[in-house]
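Everything on this sheet refers to the single structure shown next.
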Amino acid sequence: MALEKPDIPVERRAKKRFVMEREIRYRVLDQGKIVAVGNGKTLNLSSNGVAFVTESHLPPGSFIEVSIAWPALLENRCPLQLIGFGRVLRSARGTVACTLEQYEFRTLARVIPESAWSARSDHRLRRWAEAVARG
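Residue numbers are given in this note's numbering: position 39 of the sequence shown equals residue 30, and the series is strictly consecutive.
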């Protein structure tokens, strides 16, 4: 008689995900052009990836730059943001999952208006995407 296995989901991620709801802004590069700029809220985060909700569908496989408002302050007074580069893995029903292949923390001395984020130069995103494509 064979034993039946219960329907327990198997965790396939290499890194543990942490539930974290923070503001996220993103820019998506597909075939060398910025195809989307937007914002949303993170659902969970690990050192390898992030899942977030947004109103836009983002093309899987495209390069993405994310900026996440970090919950901790540097020296209890300076806001931080996490800047990450990766690829969109999937996008369905308002939820996006992407890798974080490179990331860094930056200090944020002031609030950046939405217009400054979308108008900011995309040279770092393009350079990173070109380096990844070269292999």
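Yeah, the Cβ is synthetic: ideal placement off N, Cα and C, and Gly gets one too. All figures in this text were calculated on a predicted structure; none of them were measured in a lab.
Subject >> Sufficient close CB pairs (3 or more, under 8 Å) joining the segment 79 to 99 to the segment 46 to 62 >> reply: Because the criterion of three Cβ pairs below 8 Å is met, the segment 79 to 99 and the segment 46 to 62 touch.
**OP:** Just confirm the distance between the C-beta atoms of T45 and C69, as a whole number of angstroms; I'd bet it's less than 8 Å.
**Re:** Rounded, the Cβ-Cβ distance is 27 Å, inconsistent with contact.
Subject >> Strand pairing of P70, partner residues [DSSP] >> reply: Beta-bridge annotation (DSSP): P70 is paired with L64.
Original post:
Who are G77's beta bridge partners in DSSP?
Top reply: Under DSSP, the beta-bridge partners assigned to G77 are I55.
**OP:** Using the Cα positions of R18 and N35, report the straight-line distance between them to the nearest angstrom.
**Re:** Those two C-alpha atoms are separated by around 19 Å.
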